[in-house]
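In what follows, a structure is listed as structure tokens, so that the remarks can point back to it.
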Amino acid sequence: MVDAAGKATSIPLVGGGEEPTLDRFSVEGRRASGFPRLDVPLGDISLPESAAAPPALPQVSERDLVAHVNRLAHRNFAVDLGAYPLGSCTMKYNPKICDWAAEHPAFSNLHPSSPPGITQGALEVILEIEAILCELTGMSRATFQPPAGAAGEMTGLLIMRAYHESKGRDPGAVIIPDSAHGTNPASVSLAGYQVRQVPSDDRGMVDLDALASAVDEDVAGFMLTNPNTLGLFEEDIVAMADLIHEVDGLVYYDGANLNAILGVARPGDMGFDIVHSNLHKTFATPHGGGGPGAGPVAVTEHLAPFLPGPIPERVGDAITWLQPERSIGRVHGNHGNFLVVLRALTYMRALGGEGLRRVAERSVLNARYLESLLSDDYEIPYPAPCMHEFVASAAALKRATGVRAMDVAKALIDYGFHAPTMYFPLVVEEALMVEPTETESPETVEALADAFNEIAQSAHTEPQEVQAAPHRAPITRTDDALAARQPVLTWHMAAEE
Amino acid sequence: MVDAAGKATSIPLVGGGEEPTLDRFSVEGRRASGFPRLDVPLGDISLPESAAAPPALPQVSERDLVAHVNRLAHRNFAVDLGAYPLGSCTMKYNPKICDWAAEHPAFSNLHPSSPPGITQGALEVILEIEAILCELTGMSRATFQPPAGAAGEMTGLLIMRAYHESKGRDPGAVIIPDSAHGTNPASVSLAGYQVRQVPSDDRGMVDLDALASAVDEDVAGFMLTNPNTLGLFEEDIVAMADLIHEVDGLVYYDGANLNAILGVARPGDMGFDIVHSNLHKTFATPHGGGGPGAGPVAVTEHLAPFLPGPIPERVGDAITWLQPERSIGRVHGNHGNFLVVLRALTYMRALGGEGLRRVAERSVLNARYLESLLSDDYEIPYPAPCMHEFVASAAALKRATGVRAMDVAKALIDYGFHAPTMYFPLVVEEALMVEPTETESPETVEALADAFNEIAQSAHTEPQEVQAAPHRAPITRTDDALAARQPVLTWHMAAEE
Amino acid sequence: MDFTPHTSGDTQRMLAHLGLAEISDLFAHLPDEVRPAAPLDLPEALSEMEVMSHIDALGKRNRSGLLTFAGGGIYDHYLPPVVRTLTMRPEFVTSYTPYQSELSQGVLQLLFEYQSMVASLTGLPVSNSSLYDGPSSGLEAVNLAVAHKKRSAVWISRGVHPHTRQIIATFAHARGIEVVDHPLVGGRTVWAPEGVSQPAAIVMSQPNYLGVIEDYDAARAVATEQGALAIAEVDAMTLGILRTPGDAGFDIAFAEGQPYGNPMSFGGPVLGMFAVSKPLMRKIPGRLVGRTTDTEGRTAYTLTFRAREQDIRREKASSNICTNQSLNAIAASIHLAWLGPAGLNEVGHQSVQKAHYLAKRLEQLRGVKMATPGAPYAREFAILTPADPHHVVDQMAERGYLAGIPLSDDYPEFAGGLLVAVTEKRTVDELDGYATALEEVLADG
Amino acid sequence: MDFTPHTSGDTQRMLAHLGLAEISDLFAHLPDEVRPAAPLDLPEALSEMEVMSHIDALGKRNRSGLLTFAGGGIYDHYLPPVVRTLTMRPEFVTSYTPYQSELSQGVLQLLFEYQSMVASLTGLPVSNSSLYDGPSSGLEAVNLAVAHKKRSAVWISRGVHPHTRQIIATFAHARGIEVVDHPLVGGRTVWAPEGVSQPAAIVMSQPNYLGVIEDYDAARAVATEQGALAIAEVDAMTLGILRTPGDAGFDIAFAEGQPYGNPMSFGGPVLGMFAVSKPLMRKIPGRLVGRTTDTEGRTAYTLTFRAREQDIRREKASSNICTNQSLNAIAASIHLAWLGPAGLNEVGHQSVQKAHYLAKRLEQLRGVKMATPGAPYAREFAILTPADPHHVVDQMAERGYLAGIPLSDDYPEFAGGLLVAVTEKRTVDELDGYATALEEVLADG
Ligand SMILES: Cc1ncc(COP(=O)(O)O)c(C=O)c1O
Ligand SMILES: Cc1ncc(COP(=O)(O)O)c(C=O)c1O
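Going down the list, the protein sequences come from chains R, H, L and D.
Under the working numbering, the first residue of the first sequence is numbered 1, with each subsequent residue one higher.
Under the working numbering, the first residue of the second sequence is numbered 498, with each subsequent residue one higher.
Under the working numbering, the first residue of the third sequence is numbered 995, with each subsequent residue one higher.
Under the working numbering, the first residue of the fourth sequence is numbered 1440, with each subsequent residue one higher.
This is the structure:
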């Protein structure tokens, strides 16, 4: 039954063996939990639909559970262990003071259905961050219900639809650039719109002419991230927004890259009408191995009546929940990922206006510096200066050595760094998308550049080595085809094998 | 300056390189800390003895500090990662509920000089654990000032001295068995006593005849741990205590091994007069990489007046600090390691009387079981049934294969376990002192036995491999002679090299 | 505070290397129009001490520490410190979605274990590794059904959480989904299929929002009759004592997972649990972890069925989810492991016993009636009082109780309705205290 | 709760293997006399929820949250959450003393870094890796001096912490040490060498217990004249602004290390900092980490100078210390790294400024005088009021202030003496509030 009893062989610390799944530690009758004795008289209650037996959960001691989870922690990389230049993800260092805030019992133990009279502090948190976020983005009101960026996109698109319907229109298409993140087209079509894609030009920016010809009366809006996914600032943004506005379309800002322009430029000033922010990127919420995040959506004055509700409003001395006049309705079961929002507020208040601007400055400085240090093996496909991240191409390297972007990324692991994003955006061949973030020191940026360059060297001298990387991680590359072909998604399925 | 910038190469997770010391991350002008602006008018204060310059501490960002410390954590074994059968140390699993208690702000933010009127809860904690500890040990009052076992020993010996002096006597020697832990003789001589050592007999217990002949009028007392350091219960304990009491000596219980007899047998019933407990062993305080611990000393009724002070006493409805009548004085700067005491109380209350007895039962069961599973390569030098730990000898193995106790211990590391204690007690050749503790499952105990036995096998087939163990730890064996000969105790000394 | 490491020397050195004079030169290529005309009106930086004071002060403006009898998906169950301690390990907290499996075995394996436990709990073979929350999972379930069945109608019981129904309503229009509500009679759903379009799915809740235990088989029979998928919204913490939706033959189950491992958090971050039957395996939304091997044949975990996802399928993806609630799922699986079958069972059992004790006490109060008399319930129930439930909640808060959730907003037919949830945490004294306080509040009018 | 994993099946199986019938057979060989005659009178087991309620209830019996102006070695400085988070990593918390260097590089390196920073702070080249606390470190310093100089007398300033002096007194008798007190005049030590035995060491405190800054050079001169070691007890948090004892030529420095990284903790666990000059290197008590190499030439850390220790030297060891305060030292080094030179300097600077501001305010109150008028002080000072300081402390506590430490118990010459400490955490409003409250208390008599 138990095949790694007590041993730490599973952790790289000693050995690097495998860690069994928790069911392997299970012994009938063992348990970690304990509860007070029932202190009400035992009632004779027979429920319909009762279970025949308790669920087949593992039965483990607290001791084994703790060791298991800690050993698994030793098998995971994280920002708190080293640099994580994963493009588009803004894997910056998350100050621990924000953890403190998110664990504050005055907030974490609050039930979401508590009446506003007893949650004024929580409502104030939302108003306070709303004001900061609106000032930073140049918008006028915001909703904090969307729990992630993609949810923010859906929300924004529904606002767009409601806006047009309020005018008696029903345009059917939304334009996105070909460099857009996958959530953009997915959201557009799930919101019931046609995706109309415009190409990038040779600057790596939206082709203004192509955009102009894509715009017609059926266009509900345009969705863009700026800096775009190539890390370049869309210099024609004002003209583009004008084009859209001319057909009464709305311009949507995908805030995944807001980090680059904090305090420097504002989507509102560029002509955007709807802006989502990824608090889990720009505002230092750690990503939690995949979430939780928060994707608040801010809008201009004239779109505020369409926001999801309820939203907090100050009425006299008190704050209460109100439904915006023409609200699209609810998009989250409660008030969004509130503790994530609280974290972000803590971060914003710690940094202040000056500090937030420094985030942009130094994230761009680090990216620009890193880009400048890379050897010629990594082509930079577009000449414009990068913002907080850049995309390099390993196409030439591949042609010369057979070593692909994927191999470079995996080889970086052996140098102690997380891999960059690969093969995105789709417009660049053998793309390596690198975002050092502002919290890395110049020394780290230099070490990263050295690693990239040494890998390129190795690609020329010992390509097979690089193609087999990583060599020093807990495991080597996984057989993803096997995983999809013979799915083993639970330990039950594993047992059936 | 910085030689591992941002990289996680230093951690076994990826690579297994070295982690630079923190000074290597230092850059002039970098900092993690921030403070509010001074909010009193800036006074013109010139202090004598002012420093010419701020101290030469490292200047690092919070980001680098966090990654550095986390990477170092990945280079350390711990109970929370795997079994830690380190004899004499009782490395049991420490329930996380006790961490919760120790971090409770109502206690952790309390200043020790707060008047008793505002610290009644803290004083109650001490009275409550005192009652439990006295009941478990069969004593009548206790002091919680001693911050560790060794400090408890000193305290007990000073009580012994004060007791004799109160009777106008000044005997000069304390008897200890040859199997005693090093702190025992050290404490005895630092307390101004002569050490009189008595040998163990062929049962591995104190030789009763030898003890009888060692006892004379000059004997102030006798110091013993029971079960002794061989893990054997001293069966003649009552007779031994009588011998000492006949010369008005006092019998001191070194509580390092109390785990084995919780609720089963009591030092007080065995004839002991003074008992220290290691809360960091028996009562589930994690050892913190070397401390903090707590070594409360409990005594019989007639010794209570000599306890260090102040101690909490209930006076009417309130608890206050009082100095025992003939107190030996203060042995700690404040009230001892109070939060450790609070942890131990939490543990005791969670387990209750039944649970505490189960600790003894299962710690003995695990040790006895493990002992029974070891192959013949490990001789058990004494036949008596072991208690919570046992000492095996690798002497025969060494003779047969050249593989020593040390090698066996280091080889265990490659199996994912912590090494046992070696070469202690001194009375056993090539001693391996193994204490599985009660929190390990039978499966873990079996896996441990398998590991021991496989190592013995390997000793016969490939002794050099075993002698070079560990092979799978972050480092191999260290050159301890070099460390002592060319001391490098700080990074300043390293820089001078 | 400043969390960037750059000294002024660093900045100078880097700028010089780039041939730039000032930091603002980095942005020289930005058109003038996009720069803010006036300096932004943002607060000054604060030191940690000041931030903490500020957050503390905001916290004090919440009345925290009320004894919670509110539920509706978010419950005040006992959350052991060990769950938080383990979940908050920086390796989990500060890592991204585990795209690089070589560096993510910890998170991947924990999510695989989460999927396994959710499968056990729901009786369905396939679970994803979390969605945003319970209610929005309902939307994903409906989407899945609509796409799978290629029908646009869904039948939804009014016993389904009002927020779930609201979210579905928000999106239904844009997606062309027709929602048909089915009424509650005596607290239980009456499936009234006459004259409405054939549904892609029927959706019920077990127990339903009023706390009432519904009839799984009846709902399943309706679904079968209509050729529709059967979808159940389930209550996480009664999964230890009630029959599983899988056992009842349901195709999809979803739940608000908060009670496993997550504090109430003012409602977020929590997590959506989502499980499906084998035939729907490749249509499940969200991330999925699968077991495989590495090139050296070792067991390894990886994200799988990636082809369903937005980054690959783009506008053809059936869900746009990207960032999910991994850390909350990790917390859930650690808590579930701590509980074990016996613990989960005990939580359910004690909650039920205490709920029934309280309900009986309340029924004896003057003017208080059960909203659905005689209907079977587990650990949550609705009462009717003569007072406005919002008023009752406010007055009870003054006495230290978060009394429940007013029903009247969502169910106008229960004007004096209050939904009361009881967890194992509530002691008999607290239950008695609640009854006494309610009696006072009602007496005061 | 039960933290042993054994099921009854496990126990049966293991007992059967051992040829035993019942668990009590494990203890069959124990003599009857040692078994408790009656069942022990111990509390019943509690579940976690019940334990938490109990500890919470005890906690409520403390009046916590007072604004702390008490010091005397333990100070209420700002402790950033990052320090706690890092220190509490289970790899540090749940490991033993790092005897096995192969598995302990994390703890060993952190302690090496601690030693390095303590060396920087004290200006002395060699630090151990912690002792129990400040006061007991004083005893170790005296022991070291007595052994090193083979003289039995030590001269101790009355400005040394009273608890340090009390601990030395407790042990002095048993160890045959003769303690000679030296008086304070106007708050500063007067070394009055006439007619007393030549000391092994002179011991002073900087600043001393009354907060007064002493004259290092004068003390050092006396030590030199007497051929004695010079020992300084120093205040941790003013090390960033005051001259180091090493710079002043002292041989040994010790300090209460709590202000670095450790909450006040009701006085424990805290840590003793201890540093010595090069010639005393091999005589330092406590654990010492050294750098070396492993068999493959990699940098590695190990416990060194083990031959001094009790487990090897046994009755000849000069100290019996075994378990020390490693985790507290780790916290200290992480906090010191967070502070950096600028932060440590700022804490000292702000504390001094605020202390002087408060002292000036208090001096203006009717009846309040400085205890040592004109003497230079850093961030702690003594005032005299007409009232019993214990009464003042109690009354101030009613008003939300922990006003300080009454001096009268330890210094009868200051009957109305109150020792007041100010840290950077206190805001100007709190300082003004303190003054106002004290005025009220004194007016009420
Ligand atoms: C450019 C861009 N847009 C949108 C998203 C989606 O955000 P989320 O993952 O929070 O749903 C991402 C995140 O990966 C992104 O990089
Ligand atoms: C038998 C014995 N006695 C005494 C001690 C000393 O206890 P401490 O390390 O707490 O000072 C120990 C600890 O190693 C021990 O094992």
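Backbone N, C-alpha and C fix where the C-beta goes; we use that ideal spot for every residue, glycine too.
Treat the numbers as computed from the prediction; the structure is a model and nothing was measured.
Just the C-alpha distance for residue i and residue j, rounded to the nearest angstrom, thanks.
| i | j | result |
| --- | --- | --- |
| G1234/L | F1106/L | 20 Å |
| D407/R | E462/R | 12 Å |
| S1972/D | A1584/D | Lying outside 1440 to 1884, the shown extent of chain D, residue 1972/D is not represented and no answer is given. |
| R1276/L | R1300/L | 10 Å |
| M1043/L | E600/H | 19 Å |
| S610/H | G1562/D | 30 Å |
| D1441/D | I734/H | 31 Å |
| L1378/L | A1409/L | 8 Å |
| V275/R | P286/R | 21 Å |
| G1100/L | V1283/L | 12 Å |
| M912/H | G579/H | A small fix is needed here, since residue 912/H is Tyr in this sequence, not Met. Answer to the nearest angstrom: the Cα atoms are 10 Å apart. |
| L510/H | L412/R | For L510/H, the predicted structure reports a pLDDT of 46, less than 50, and the residue's modelled location is therefore unreliable. A value from the coordinates is still provided. Rounded to the nearest angstrom, the two C-alpha atoms are 14 Å apart. |
| M636/H | Y749/H | 12 Å |
| A1336/L | D1241/L | 20 Å |
Write down the C-beta distance between residue i and residue j rounded to the nearest angstrom, noting that I regard them as a contact closer than 8 Å.
| i | j | result |
| --- | --- | --- |
| E1085/L | A78/R | 5 Å |
| V1832/D | G1843/D | 7 Å |
| A1770/D | T1526/D | 4 Å |
| E559/H | W1630/D | At roughly 45 Å, the Cβ-Cβ gap does not stay under 8 Å, so E559/H and W1630/D are not in contact. |
Is it true that the CB of residue j sits closer than 8 Å to the CB of residue i?
| i | j | result |
| --- | --- | --- |
| R1800/D | L1870/D | yes |
| M702/H | N681/H | no |
| F921/H | A948/H | no |
| V340/R | L279/R | yes |
| A992/L | A1372/L | Because chain L in this structure spans residues 995 to 1439, residue 992/L falls outside the shown range and cannot be described. |
| G1711/D | G1573/D | yes |
| P805/H | T652/H | yes |
| L1396/L | P1383/L | no |
| V999/H | L1465/D | A query on residue 999/H cannot be resolved here, the shown segment of chain H reaching from 498 to 994 and no further. |
Discussion item. Please give me, in chain order, every unbroken run of the beta strand (DSSP E) with length at least 3 that falls completely inside the stretch 122-194 of chain R.
Written reply: For secondary structure counted as the beta strand (DSSP E) over 3 or more consecutive residues, the stretch 122-194 of chain R holds these complete runs in sequence order: 141-143 and 173-177.
Discussion item. Please enumerate, following chain order, all residues with a beta carbon closer than 6 Å to at least one heavy atom belonging to ligand 1.
Written reply: For ligand 1, the selected residues are S88/R, A148/R, G149/R, A150/R, H181/R, T183/R, T225/R, T229/R, D254/R, A256/R, N278/R, G293/R, G295/R, C1316/L and T1317/L.
Fill in: Minimum length 3: unbroken beta strand (DSSP E) runs contained in the stretch 1107-1161 of chain L
Whole beta strand (DSSP E) segments, 3+ residues: 1147-1151.
Item to complete: Go through the stretch 1253-1318 of chain L residue by residue and report every complete run of the alpha helix (DSSP H) that reaches 4 residues or more, in order.
Response: DSSP runs (the alpha helix (DSSP H)) wholly in the stretch 1253-1318 of chain L: 1304-1307.
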